[in-house]
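Peer 1: In order, the protein sequences belong to chains B and Y.
Residues in the first sequence are numbered from 0 upward in steps of one, following numbering that gives the first Met the number 0.
Residues in the second sequence are numbered from 0 upward in steps of one, following numbering that gives the first Met the number 0.
Beta carbons are placed, not taken as given, at the ideal position from N, Cα and C, and that holds for glycine.
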Amino acid sequence: MINLAYKDISHSLSKFLITAVSVGILLGIVVIMIGVYRGMIYDAKSLINDIKADIWVVQQDTFGPFAQSSRVHEDLQNQISYQNGIKTAEAITFQTLQMENRYGDFKAMLVGYDPFGKIQVINKNKLVAGRVLQKQHYEIVVSQKTKYKLGEYIQLGRDKFKVVGITKNTVSNGGDYLMFVSLKDAEVLQFTYTNERIRSDMSRGIKGENPHLVNAIIAQVEEGYNPTQVAKGIEIATHKKVFTKAEQSKILMQKVIKMAAKQIGLFTVILIIVSIVIIALIIYTSVLEKIKEISILKLIGIPNLTISMMIIEETVVLGILAFISGNIFAHLIKGYFPKRIVLEASDSFSFFVVILISSIFASLFGIYKVLKTDPSSAIGG
Amino acid sequence: MDKNQSIKVENLVKSFGKGDNKITVIDGANLTLNKGEFVALIAPSGAGKTTLLLMLGCVLEPTSGKIEIGDEVVYDNGWKVKDDRELRRKKIGFIFQAHYLIPFLNVEENISLLPYQNGESSKVVKPRVKELLKYLGMEDKIHSMPSELSGGQNQRVAIARALANNPEIILADEPTAALDISRAVSVVKMLKKITREQNVTIIMVTHDERLLPFCDKILTIKDKKIQIEENSDEHII
């Protein structure tokens, strides 16, 4: 038996490959879009997963510092520490900065924590150079992507901070690069204003003192205690909102990145539809190019099934080659994107199934044309 | 039923349209041809040559009448075969104005396509293809692509393709239209030789009266009916 699809593809191999690679680039963009979505989820969970806290105590009636503004007093950590089931509690701050260095400008999230605290804030597995903070003042750990070097000094507010550690893959839920300083330095940065502002505040009767406000209190639960139960107890005792780590993560997924995820999801769906339409058009055009041969095949007695199988096989091969070249393209360019692109094998497999089914669907246009082709058109002029 | 009969047509009618727009192209045509006959079909444009050819080839359904191919009634006021394409695959060969070979198949594959589709094994098909190509003087071109052959060579491959399924009849639609007279005569002589040696009936549509002396019979369509004329001026091969 002669495989018509194989023969047709072999006959015009270079044209077929160019078409497949062209469609592949389009599919590569779809793969990247899925990677952007996955990257967004990864980034969103990254900081929460790195901070080894079981519960988050935040301002009452808020969803915590990742979703909205949250202010609690720093000394709340003492009250939390004495709650039943709490192993340790510490204050933490988050501050967004617009930074500029000799490599360009970037947005960063400055995390303030107690360097002598017991709760891990910097994931040591992500530390690629130097060390974590070991002093209460003027030390900073930065993300690799900020391009600062170890030992370099960074001016923040009125003070200079020495880079003592460099981390990799540390970003905020918004994708901003993370920088870590001590809680004391972070408070100074947040509440020390310019001389003009201080004078202006004084004329209004406002005392320019550090209010010792932080964004959240993070705590670890004693072994054998249920974090949800402990959180409920703290809520009643302190009149604050308390989330477990799982709840905080859920808030990030459902509230913070929900809209962005929807946006990317819709864009991905549109791109997939465009890809299917393009594959269908390519196949339909190739059928039109072969219409005389198809009418002859039908006239001499070749069944519709044999001719249709040729169309389906060619479309599926096109889809598979486009998928492979699309994935290669995506892996080649993913490093050039400023935000994280996470390409997962499971996503690739799902996308492959979608492309396979879509290719068969796209071939229906060509098959329709085959079925409609009149064999008698082969006879006569 | 005459065992020597290859095709028989009785009271064949073909009309197009309905009501006031109804046009009858063939009206009560009768025809009987025997195996091994080489027949020319000539008629002015629009007289119904292609329509007749398509009906004989079971591509176009007649309005009424009866068609027998070999010993099988294929149409009797309605199709009597379940699969018209299977019938064409097994009993009818086609040769076209241009060679119309499948461009992405080589000579061997173009010829063996139908036998393979009929379920024949490569043990049977491959020697048959070689035999046909040797018969047509093309054995050295078995692996060539159609684009590598001349017009005359391609037409010979098309003839081999038409013969590959051992058909009862071959319908040739102006097979020499694209060839010069010397090549046209060569092809027609070959077709006549085939009818004799392969015991197959060939109906050849042509406008070239110079080729008529090679045919056993000449069919014309006059007043929507088929007229058969025995050729007295037959060329001897």
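Which residues in chain B have a C-beta closer than 8 Å to the C-beta of Y:ARG87? List them in chain order.
Peer 2: In chain order: LEU298, ILE299 and GLY300.
Peer 1: B:GLY385 and B:VAL162: beta carbons closer than 8 Å?
Peer 2: Past the boundaries of the shown model lies residue 385 of chain B; chain B is included only from 0 to 380, so the question cannot be answered.
Peer 1: Since Y:GLU108 meets chain B, which of its residues come closer than 9 Å, beta carbon to beta carbon?
Peer 2: Ordered by position in chain B, the residues that pass the 9 Å Cβ test against Y:GLU108 are ILE1 and LYS6.
Peer 1: List the residues that DSSP assigns as beta-bridge partners of Y:GLN4.
Peer 2: Y:GLN4 pairs with Y:ASN33.
Peer 1: Between the segment 163-178 of chain Y and chain B, which residues of the former have a C-beta closer than 7 Å to a C-beta of the latter?
Peer 2: Within the segment 163-178 of chain Y, the residues whose Cβ lies closer than 7 Å to some Cβ of chain B are ASP172, listed in chain order.
Peer 1: DSSP puts B:LEU109 in a beta bridge; with which residues?
Peer 2: Looking at the DSSP assignment, B:LEU109 forms a beta bridge with B:GLN94 and B:MET178.
Peer 1: Under a three-way DSSP split, which group does B:LYS134 fall into?
Peer 2: Coil, per DSSP.
Peer 1: Spell out whether any CB of chain B is found under 8 Å from the CB atom of Y:ILE236.
Peer 2: In this prediction, Y:ILE236 has a pLDDT of 46, which is less than 50 and means its spatial position is unreliable; nothing more can be read from the coordinates.
Peer 1: Taking 8 Å as the CB-CB cut-off, is Y:TYR115 touching chain B?
Peer 2: Yes, Y:TYR115 counts as interfacial toward chain B.
Peer 1: Between the segment 93-105 of chain Y and chain B, which residues of the former have a C-beta closer than 8 Å to a C-beta of the latter?
Peer 2: For the segment 93-105 of chain Y, which is checked against every Cβ of chain B, the residues closer than 8 Å are PHE93, PHE95, GLN96, TYR99, ILE101, PRO102, PHE103 and LEU104.
Peer 1: Can a CB atom of chain Y be found closer than 8 Å to the CB of B:SER375?
Peer 2: Answer yes: the Cβ-Cβ gap between B:SER375 and chain Y drops below 8 Å somewhere.
Peer 1: Buried or exposed for Y:ILE22, going by 16 or more other Cβ atoms inside 10 Å?
Peer 2: With fewer than 16 other Cβ atoms within 10 Å, it is exposed.
Peer 1: Going by DSSP, what residue range makes up the beta strand (DSSP E) through Y:ASP75?
Peer 2: Residues 71-75.
Peer 1: Does the segment 309-323 of chain B come into contact with the segment 353-369 of chain B, if we say contact requires no fewer than three beta-carbon pairs (one atom in each stretch) closer than 8 Å?
Peer 2: Output reads yes: the segment 353-369 of chain B touches the segment 309-323 of chain B.
Peer 1: Just the Cα atoms here: how many angstroms apart are Y:HIS234 and Y:CYS214?
Peer 2: Here Y:HIS234 scores only 49 on pLDDT, less than 50, and its place in the model should not be relied on; the value that follows carries that caveat. Their backbone Cα atoms lie some 8 Å apart in a straight line.
Peer 1: Classify Y:ASN109 as buried or exposed, calling it buried when 16 or more other Cβ atoms lie within 10 Å of its own Cβ.
Peer 2: Result: buried.
Peer 1: Just how far apart, CA to CA, sit B:SER376 and B:MET39?
Peer 2: Cα-Cα distance, rounded: 56 Å.
Peer 1: Please report the distance separating the alpha-carbon of Y:ARG84 from that of Y:LYS223.
Peer 2: Going by the C-alpha atoms only, they are around 27 Å apart.
Peer 1: Anything in chain Y within Cβ reach of B:THR314, meaning under 9 Å, just list it in chain order.
Peer 2: Per Cβ cutoff of 9 Å: no residues; B:THR314 is ~16 Å from chain Y at best.
Peer 1: Applying the 10 Å Cβ sphere with the 16-neighbour rule, what's the burial state of B:GLY318?
Peer 2: So B:GLY318 counts as buried.
Peer 1: Can you pull out the residues from the segment 32-60 of chain Y whose beta carbon lies closer than 7 Å to at least one beta carbon of chain B?
Peer 2: Those would be THR49, LEU52, LEU53, VAL58 and LEU59, in chain order.
Peer 1: Ends of the beta strand (DSSP E) at Y:SER247?
Peer 2: Since the first residue shown for chain Y is 0 and the last is 236, residue 247 of chain Y is missing from the structure and cannot be characterised.
Peer 1: My output table needs one value for B:GLN76: the three-state DSSP class, helix, strand or coil.
Peer 2: In this structure, B:GLN76 counts as helix in the three-state DSSP scheme.
Peer 1: Leaving out five residues before and five after Y:PRO145 in sequence, what residues of the same chain have Cβ atoms less than 6 Å from its Cβ?
Peer 2: Excluding positions up to five away in sequence, the list reads LEU100, PRO102 and ASN153.
Peer 1: Mind checking Y:HIS98: buried by the 16 CB within 10 Å criterion, or exposed?
Peer 2: Classification for Y:HIS98: buried.
Peer 1: List, in order along the chain, the chain Y residues whose C-beta lies closer than 8 Å to that of B:LYS144?
Peer 2: Chain Y residues near B:LYS144: none, gap ~52 Å exceeds 8 Å.
Peer 1: Using the three-state DSSP reduction, which class does Y:ILE235 fall into: helix, strand or coil?
Peer 2: Confidence in Y:ILE235 is poor, its pLDDT being 47 and thus under 50, which makes the residue's placement unreliable; the coordinate value appears in the next sentence. DSSP places Y:ILE235 in coil when its eight states are reduced to three.
Peer 1: Which residues bound the alpha helix (DSSP H) around Y:LYS224?
Peer 2: It is not in any alpha helix (DSSP H) - Y:LYS224 instead sits in the beta strand (DSSP E) that spans 224-229.
Peer 1: If we call anything under 8 Å between Cβ atoms a contact, is B:ILE165 one with B:VAL213?
Peer 2: In this structure, B:VAL213 does not lie closer than 8 Å to B:ILE165 by Cβ.
Peer 1: What residue range does the alpha helix (DSSP H) around B:PHE364 cover?
Peer 2: 344-371 is the span of the alpha helix (DSSP H), which, as asked, contains B:PHE364.
Peer 1: Are B:PHE160 and B:TYR176 closer than 8 Å when you measure CB to CB?
Peer 2: The answer is no: Cβ separation not under 8 Å.
Peer 1: How would you call B:GLY223, buried or exposed, if buried means at least 16 neighbouring beta carbons within 10 angstroms?
Peer 2: The residue in question, B:GLY223, is exposed, as its Cβ has fewer than 16 Cβ neighbours within 10 Å.
Peer 1: Secondary structure at Y:PHE95, three-state DSSP: helix, strand or coil?
Peer 2: Coil.
Peer 1: Which whole runs of the beta strand (DSSP E) in the segment 5-90 of chain B are 3 residues long or more, in chain order?
Peer 2: Entirely contained in the segment 5-90 of chain B, the beta strand (DSSP E) runs reaching 3 residues are, in chain order, 54-57.
Peer 1: With a threshold of 8 Å between beta-carbons, can B:ILE310 be considered close to chain Y, or not?
Peer 2: No, its Cβ sits nowhere closer than 8 Å to a Cβ of chain Y.
Peer 1: Buried or exposed: B:ARG196, going by 16 or more other Cβ atoms within 10 Å of its Cβ?
Peer 2: So B:ARG196 counts as exposed.
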